[in-house]
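Please read the structure below before turning to the comments.
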Amino acid sequence: MSVEALPTVMAATRANVLRQPYPVLFPPAEHFSAGFGEAGWRAAMLASNEHLIPRVLTLGFKAAPESQRIDPGAYLAALLSALQLQAAGLAEDREVVAMVLQLGLAEQLPPTMVGQLLDAVPARLRTVARPQVEVRVDAGSRLQPAALREVGCTRLTVLDRANADGPAMLAAAQQVGFTACYYQLRVPSMADPAFVDRFRQVLACAPERIVLPTPDVLPADPDADAWWQAWQEVRAAGYQALGGDHYQRGDLAMPARPGDGMRHCDMAAVPRRERCDFIGIGLGARSQIGDVYCCLEQDMARWQARLSAGHSGVASGLILSERECLGDEVVQSIACDHALDVAAFEWRNALPFRECFSSAMNSLQPLLESGWLHWDNGVLRLQHEGELLWRMIAACFRSVDTTA
1 MSVEALPTVM AATRANVLRQ PYPVLFPPAE HFSAGFGEAG WRAAMLASNE HLIPRVLTLG
61 FKAAPESQRI DPGAYLAALL SALQLQAAGL AEDREVVAMV LQLGLAEQLP PTMVGQLLDA
121 VPARLRTVAR PQVEVRVDAG SRLQPAALRE VGCTRLTVLD RANADGPAML AAAQQVGFTA
181 CYYQLRVPSM ADPAFVDRFR QVLACAPERI VLPTPDVLPA DPDADAWWQA WQEVRAAGYQ
241 ALGGDHYQRG DLAMPARPGD GMRHCDMAAV PRRERCDFIG IGLGARSQIG DVYCCLEQDM
301 ARWQARLSAG HSGVASGLIL SERECLGDEV VQSIACDHAL DVAAFEWRNA LPFRECFSSA
361 MNSLQPLLES GWLHWDNGVL RLQHEGELLW RMIAACFRSV DTTA
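Here's what the structure looks like:
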């Protein structure tokens, strides 16, 4: 189905784009158990050292909540201490391929401290020769992209904001040597009439990727029509769906997306070429090792006390059951590839797909009838319009009908 979709499909997509479930890729923090502590996380890391393949890692450095006024030097010291503790539990052949400085951290730490944090990673952990270092900044930030490039950031993502000149920040970043620049949209608001014009300025800059909105936080008056129009213009400009909410510029090489479960969206919501464990560091940061998740303390004083005692500060965690792992595998395929190869699932798990997901198949039927996805020789493929609703489609598979 082309961008010039049937009017009924267009109307149905716009009506549902704001109703998508969130989160879908990973369990929400409120499902974590406080009974899962340092011992549980340490056991997961030890098990991963022996058994997990591939061995690659992403590090995610999280900003402190705005509600907590924290001294930058104290926060940097805590981040470095936590990094050292996590590194001590990982096998020497675990290799960092990417780092993500999440939104707000580059504003909380001056560039010199950001540089110290980045320099500490290869001193404590093995890294690939040129790891990706992505920094995320708000369009309204006063940060100079050049200062972030100078201290070692290689990729910059600008998060759109009403009444902020995000296109100008993007253009400035493109002039100072980042290997790639991305622009991420927030859910547009009817109170932001300049959204479409601002986005067209972004398209004129031709960033390597455009990231569509995540429906985690909705404005008081969300504008589904503006969201739909932005998606149409992304596709008209030649951008192609890369996985999740990421669209990549059409002149760049695209990975194969067969739906075979090999690609993976990490906890920073970035589609990766292969499964990549995620170590989150910072107040309230979340991590994933295999099928085990944890969340760190969210109060600075408690976190510092835990670090001083030689603990990373795990406050809660979760271990997926075998049934949940099956659903997780399918959800990742739909998220990353916008496709699901049933034969590949059955080969890996030695289970009949339709018996595992009979309830999901019933839930999928109205979505198939709506034209958002279709069957193609045993592969479930999302149509272009279905890419906007991948969370709704993936959520159908969170219910598993049989054990592994």
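All residue numbers for the sequence shown refer to this note's numbering, where the first residue is 1 and numbers rise by one. Positions of the beta carbon are idealized from the N, C-alpha and C atoms, including for glycine.
Residue i classed as buried or exposed, judged by whether at least 16 other C-beta atoms fall within 10 angstroms
| i | result |
| --- | --- |
| P28 | exposed |
| P122 | exposed |
| S33 | exposed |
| E4 | Low confidence applies here, because E4 scores a pLDDT of 43, under 50, leaving its location unreliable; read the following figure in that light. It counts as exposed. |
| M169 | buried |
| A392 | Residue 392 is actually Met in this sequence, not Ala. When all chains shown are included, M392 counts as buried. |
| L212 | buried |
| R13 | The question names Arg, but residue 13 is Thr in the sequence shown. It counts as buried. |
| E66 | exposed |
| R142 | exposed |
| Q288 | buried |
| S81 | buried |
| A394 | buried |
| M262 | buried |
| L6 | Low local confidence applies: a pLDDT of 47 at L6 is under 50, so the model's placement there is unreliable, and no value is given. |
| G238 | exposed |
| V114 | buried |
| V17 | buried |
| E92 | exposed |
| Y293 | buried |
| R209 | buried |
| E30 | exposed |
| A87 | buried |
| P21 | exposed |
| R272 | buried |
| P215 | buried |
| L242 | buried |
| W390 | buried |
| E274 | exposed |
Strand pairing of residue i, partner residues [DSSP]
| i | result |
| --- | --- |
| G280 | G60 |
| A190 | Here the sequence assigns Met to residue 190, which means Ala is not the residue at that position. Paired residue(s): none; M190 is not in a bridge. |
| A98 | T58 and Q132 |
| D93 | Looking at the DSSP assignment, D93 forms no beta bridge with any residue, so it has no partner. |
Where the beta strand (DSSP E) containing residue i begins and where it ends
| i | result |
| --- | --- |
| A77 | A77 -> not in any beta strand (DSSP E); alpha helix (DSSP H) instead, spanning P72 to A88. |
| A180 | A180 to Q184 |
| L296 | V292 to L296 |
| R381 | V379 to L382 |
Extent of the continuous alpha helix (DSSP H) run through residue i
| i | result |
| --- | --- |
| E150 | P145 to E150 |
| V202 | F195 to C205 |
| V270 | Careful: V270 lies outside any alpha helix (DSSP H) and carries neither H nor E. |
| R398 | Per DSSP, R398 belongs to no alpha helix (DSSP H) and is neither H nor E. |
| D119 | P111 to R124 |
| E66 | Here E66 belongs to no alpha helix (DSSP H), and DSSP marks it neither H nor E. |
| A425 | Residue 425 cannot be examined here, being either before or after the span of the chain that is shown, 1 to 404. |
Residue i: CB within 7 Å of a non-hydrogen atom of the ligand NAP
| i | result |
| --- | --- |
| Q144 | The model depicted lacks the ligand NAP and carries no ligand whatsoever. |
8 Å Cβ cutoff, residue i in contact with chain C
| i | result |
| --- | --- |
| R126 | You won't find chain C in this structure, because it holds only one protein chain. |
When you compare the stretch 358 to 373 with the stretch 292 to 299, are there three or more beta-carbon pairs, one atom per stretch, that lie closer than 8 Å? No: fewer than three Cβ pairs fall under 8 Å.
Any beta strand (DSSP E) of 3 or more consecutive residues that is wholly inside the stretch 9 to 61: Those beta strand (DSSP E) runs which fall completely within the stretch 9 to 61 and span 3+ residues are 56 to 61.
Please list the segments of the alpha helix (DSSP H) lying wholly inside the stretch 207 to 266, counting only runs of 4 or more residues, in order along the chain. Uninterrupted alpha helix (DSSP H) stretches at least 4 residues long and entirely within the stretch 207 to 266 occur at 224 to 236, given in chain order.
Using 8 Å as the threshold, is the stretch 49 to 63 in touch with the stretch 94 to 114, meaning 3 or more CB pairs across them? yes
Ordered list of alpha helix (DSSP H) runs contained in the stretch 287 to 375, each at least 4 residues: 300 to 308, 322 to 337, 342 to 349, 353 to 356 and 358 to 369
Can you check the stretch 151 to 179 for any beta strand (DSSP E) of at least 3 residues that lies completely inside it and give the ranges in chain order? 155 to 159
Given 8 Å as the limit, is there contact between the stretch 187 to 197 and the stretch 214 to 228, that is, 3 or more CB pairs closer than that? In this structure the stretch 187 to 197 lies against the stretch 214 to 228, because at least three pairs of beta carbons, one per stretch, are closer than 8 Å.
Across the stretch 142 to 156 and the stretch 106 to 121, are there enough close Cβ pairs to call them in contact, namely three or more that are closer than 8 Å? Remark: three or more beta-carbon pairs, one from each stretch, lie closer than 8 Å, so the stretch 142 to 156 and the stretch 106 to 121 are flagged as touching.
Does the stretch 195 to 215 come within contact of the stretch 170 to 184, defined as at least 3 CB pairs closer than 8 Å? yes
Are three or more beta carbon pairs between the stretch 262 to 271 and the stretch 227 to 238 nearer than 8 Å? no
Contact between the stretch 154 to 165 and the stretch 129 to 142 (3+ Cβ pairs under 8 Å): yes
Quick check: the stretch 71 to 81 against the stretch 323 to 343, are at least 3 beta-carbon pairs closer than 8 Å? Because the criterion of three Cβ pairs below 8 Å is not met, the stretch 323 to 343 and the stretch 71 to 81 do not touch.
Would you call the stretch 272 to 290 and the stretch 351 to 364 touching, i.e. three or more CB-CB distances under 8 Å? no
Would you be able to state if there are at least three C-beta pairs under 8 Å between the stretch 336 to 351 and the stretch 374 to 381? yes
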